[in-house]
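Numbering-wise (our numbering), the sequence shown opens with residue 690 and increments by one. For every residue, glycine included, the Cβ atom is placed at its ideal position computed from N, Cα and C. As the structure is a prediction and not an experimental result, all values here were calculated from the model. Taking it in order: structure first as structure tokens, then the write-up.
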Amino acid sequence: MNPVFVDTFYWIALANPRDAWHVRTQEIHKSLMQTKLITTDEVLTEFVNYFSTAGRYTRSGIFQLAQSILQNDRVQVIPQTRESFLGGLALYSQRFDKGYSLTDCISMHTMRQLEIIEVLTHDKHFAQEGFAILLSD
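Okay, here's the thing in structure tokens:
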């Protein structure tokens, strides 16, 4: 099976029992046990930052989840580099008419570099760039 990119949306939904997509992401996560998952340092930064105002217990759990992602053999975390930043920034500069975040642009740049088509997200911006989003209504 081809590798699948994991966006911040997925990690947040997977970690947050109150998220509307939590149950669905848990089901998908179980079904992808044989699939190589790809994410980036930038995505994990955004994921951890999302919970920065949560309580101590939640933040500790998110830290532990981030650590387990980094240690999971099924998940390849692409490190942040100057090239990834500049590649994402270049795409960002070409899409001022869109609402893309810089992290999304870095993710899209990374996906193109690695020739990944499918992404675990609900973010329609990825579909606008020709990627197949796996969490749709």
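Going by DSSP in three states, residue i sits in which element: helix, strand or coil?
i, result
"I806", "coil"
"A821", "strand"
"F740", "coil"
"T792", "helix"
"T714", "helix"
"T747", "helix"
"Q765", "strand"
"T729", "strand"
Out of the options, which has the shortest C-alpha to C-alpha gap to residue i?
i, options, result
"Q802", "Q723, F774, S720 and Y746", "F774"
"T770", "Y746, R713 and T792", "T792"
"Y857", "P692, Y699 and Q817", "Because residue 857 is not part of the residues shown, which for the chain are 690 to 826, the question remains open."
What residues in its chain sit with their C-beta under 8 Å from that of residue i, if we drop five residues either side in the sequence?
i, result
"H711", "A702, L703 and N705"
Which partner residues does residue i have in the DSSP bridge list?
i, result
"F785", "None; F785 has no bridge partner."
"V695", "L809"
My understanding is that residue i touches residue j, with C-beta atoms under 8 Å, so please give their C-beta distance in whole angstroms.
i, j, result
"V732", "S825", "Not a contact, Cβ separation roughly 19 Å."
"K725", "Q765", "7 Å"
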